[in-house]
Amino acid sequence: MATQTGAHLAPNQMTPEQDVAFRKQRRRRSLALAAALALFALTFYVLTIVKMGPALFDRAL
Numbered sequence: 000m001a002t003q004t005g006a007h008l009a010p011n012q013m014t015p016e017q018d019v020a021f022r023k024q025r026r027r028r029s030l031a032l033a034a035a036l037a038l039f040a041l042t043f044y045v046l047t048i049v050k051m052g053p054a055l056f057d058r059a060l
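Under numbering that gives the first Met the number 0, the first residue of the sequence shown carries the number 0, and numbering increases by one thereafter.
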């Protein structure tokens with residue numbers, strides 16, 4: 000197929016334009032996943048502090 004059209008394909012059978020689009024999509028997905036994970040961790044951190052309540056700051060060090 001690729002030899003009939005004359006397009007140069009990468010070893011993964013994608014054209015350079017498809018490869019660039021695939022990498023952009025993968026990067027966007029990775030950043031979204033990282034943001035979701037950070038938000039999840041931040042939520043647990045804040046909920047833990049809130050659950051401890053104001054007594055947390057009244058204790059003797």
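Quick reminder that beta carbons are idealized off the backbone N, C-alpha and C, glycines included.
Practice task
Please list, in chain order, all residues of the same chain as Asn11 whose beta carbon is under 8 Å from its beta carbon, the five residues on each side excluded.
Solution key: Within the sequence shown, the letter at position 12 stands for residue 11. Within the same chain, Asn11 has close Cβ partners Asp18.
Exercise for the section: Could you give the DSSP three-state label for Thr47: helix, strand or coil? Expected result: Within the sequence shown, numbered from 1, the residue matching residue 47 stands at position 48. Reduced to three states, the DSSP call for Thr47 is helix.
Handout entry: Three-way DSSP call (helix, strand, coil) for Thr14 in this model
Key = As a first step, residue 14 must be located in the sequence shown, where it is residue number 15. Thr14 falls in the coil class under three-state DSSP.
Exercise for the section: Check Ala34 in the structure and name its three-state DSSP category. Expected result: For this step, residue 34 is matched to residue 35 along the sequence shown. Residue state, collapsed to three classes: helix.
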